[in-house]
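Visitor:
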Ligand SMILES: [Zn+2]
């Protein structure tokens with residue numbers, strides 16, 4: 002039985018290797034870079050002032066009711082259950098247990114072989130393993146998906162570039 006997927010295992014060992022040095026994470030709301038210590042559990046974004054979890058969220062029991070927001074990974078183990086109004090994860094969402102929530106991630110979603118999924122899914126990449134159950138949800142998978150804040154920043158950069166080009170030389 003697989004406890005942690007290969008992707009997840011690789012990610013965790015990367016994190017362990019980084020030791021206690023401050024690390025950069027991206028605000029899941031406005032994409033601002035935040036520098037946090039390795040041990041920090043939560044951090045408040047210096048730009049939008051929203052507090053969020055900066056550690057991976059690993060669920061092996063029940064997690065009901067509250068929104069799940071992390072700059073890292075939400076990983077639901079085989080016996081884990083997450084029923085939430087919403088899930089927003091910066092890195093990824095990997096499910097081997099049960100999830101009832103609308104999910105949004107800048108990274109990938111894995112609906113594993115033992116997973117039960119109900120809810121919308123907005124992600125860059127989706128992997129559904131054989132045996133997974135999907136009981137409903139609207140899926141929007143965009144490999145070039147950006148958060149709205151990033152899109153706005155890109156638009157601003159584009160129009161600034163156009164303004165420079167438009168200037169007579
Ligand atoms: Zn922010």
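Numbering (the working numbering), first residue to last: 2 to 170.
In this text, a Cβ means the ideal position worked out from N, Cα and C, and glycines have one as well.
All values derive from a computational prediction rather than experimental measurement.
Do you know how far the Cα of residue 31 is from the Cα of residue 94?
Guide: Their backbone Cα atoms lie some 19 Å apart in a straight line.
Visitor: Report buried or exposed for residue 2, applying the criterion of at least 16 other Cβ atoms within 10 angstroms of its Cβ.
Guide: A caution first: residue 2 carries a pLDDT of 41, below 50, which makes its placement in the model unreliable, though a value can still be read off. Exposed is the call here.
Visitor: Name the two residues that bound the continuous beta strand (DSSP E) containing residue 76.
Guide: Residue 76 -> beta strand (DSSP E) spans 74-77.
Visitor: Keeping to the same chain, check which residues put their C-beta closer than 7 Å to that of residue 61; ignore five residues upstream and five downstream.
Guide: The residues are 78, 80, 81.
Visitor: Which residues, in chain order, sit with a beta-carbon under 6 Å away from any heavy atom of ligand 1?
Guide: The filter returns 28, 30, 31, 33, 46, 48, 49, 51, in chain order.
Visitor: Grouping DSSP H, G and I as helix and E and B as strand, with all else coil, what is residue 107?
Guide: Note: residue 107 maps to coil in three-state DSSP.
Visitor: With DSSP as the reference, label residue 3 as helix, strand or coil.
Guide: Note that residue 3 scores 47 on pLDDT, short of 50, meaning its location in the model is unreliable and no value can be drawn from it.
Visitor: Can the beta-carbon of residue 86 be found less than 8 Å from the beta-carbon of residue 68?
Guide: In contact: residue 86 and residue 68 (Cβ atoms closer than 8 Å).
Visitor: Under three-state DSSP, which class holds residue 161?
Guide: DSSP places residue 161 in helix when its eight states are reduced to three.
Visitor: Measuring alpha carbon to alpha carbon, tell me which residue in 143, 42, 76, 38 is nearest residue 127.
Guide: Cα-wise, what sits closest to residue 127 is 143.
Visitor: Spell out the partners DSSP gives residue 63 in its beta bridges.
Guide: BP columns for residue 63 point to 82.
Visitor: Are the CB atoms of residue 1 and residue 96 nearer to each other than 8 Å?
Guide: Any question about residue 1 goes unanswered here, given that the chain covers just 2 to 170.
Visitor: Could you tell me the alpha carbon to alpha carbon distance between residue 130 and residue 122, rounded to whole angstroms?
Guide: Roughly 16 Å separates the two Cα atoms.
Visitor: On the CB-based measure, 16 or more other CB atoms within 10 Å of its CB, does residue 106 come out buried or exposed?
Guide: Under this definition residue 106 is a buried residue.
Visitor: Look at the alpha carbon of residue 66 and the alpha carbon of residue 51, and state the distance between them as a whole number of angstroms.
Guide: Between residue 66 and residue 51, the C-alpha separation is close to 19 Å.
Visitor: Rounded to the nearest angstrom, how far is the Cβ of residue 232 from that of residue 34, given a contact under 8 Å?
Guide: Since the displayed the chain opens at 2 and closes at 170, residue 232 lies outside it and no answer follows.
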